[in-house]
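> Counting from 1 along the sequence shown, just add 1376 to a position and that's the residue number in the working numbering. All C-beta atoms, glycine included, are put in the ideal place defined by N, C-alpha and C. Just dropping this structure here.
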Amino acid sequence: MTSKSKMVLGLIGAAAAGVALGLLLAPEKGTDLRERIGKTAGGWGDQLTDLFANAKGELQNLTRKGSKTASDAADQFNS
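Encoded structure:
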């Protein structure tokens, strides 16, 4: 995992902790709070799904590049 990825995940974690504390300390009725927590958690799930989909695509690209590089190196070695 690159340092950029670690930083993004750290920022997401810090933001999630901040939102959770803000929701828990907010002076609201319990039903309103639970509804808002549910909506917020759903949004986080969508964002994480997108993040993992992007990571999967990047991993597939890296795998293709690595395979091509290995194939090119083998061809050059055999020549």
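#1: Measuring straight from C-alpha to C-alpha, what distance separates Lys1441 and Pro1403?
#2: Which residues mark the beginning and the end of the alpha helix (DSSP H) in which Ser1455 is found?
#3: Whose CA, out of Leu1399, Asp1422, Gly1421, lies closest to the CA of Glu1411?
#4: I'd like to know whether the C-beta atoms of Ala1450 and Trp1420 end up nearer to each other than 8 Å.
#5: In chain order, what residues of the same chain lie with their CB nearer than 7 Å to the CB of Gln1423, ignoring the 5 residues before and after it?
If we stick to the structure as given:
#1: 53 Å
#2: Run containing Ser1455: none; DSSP gives neither H nor E here.
#3: Leu1399
#4: no
#5: none
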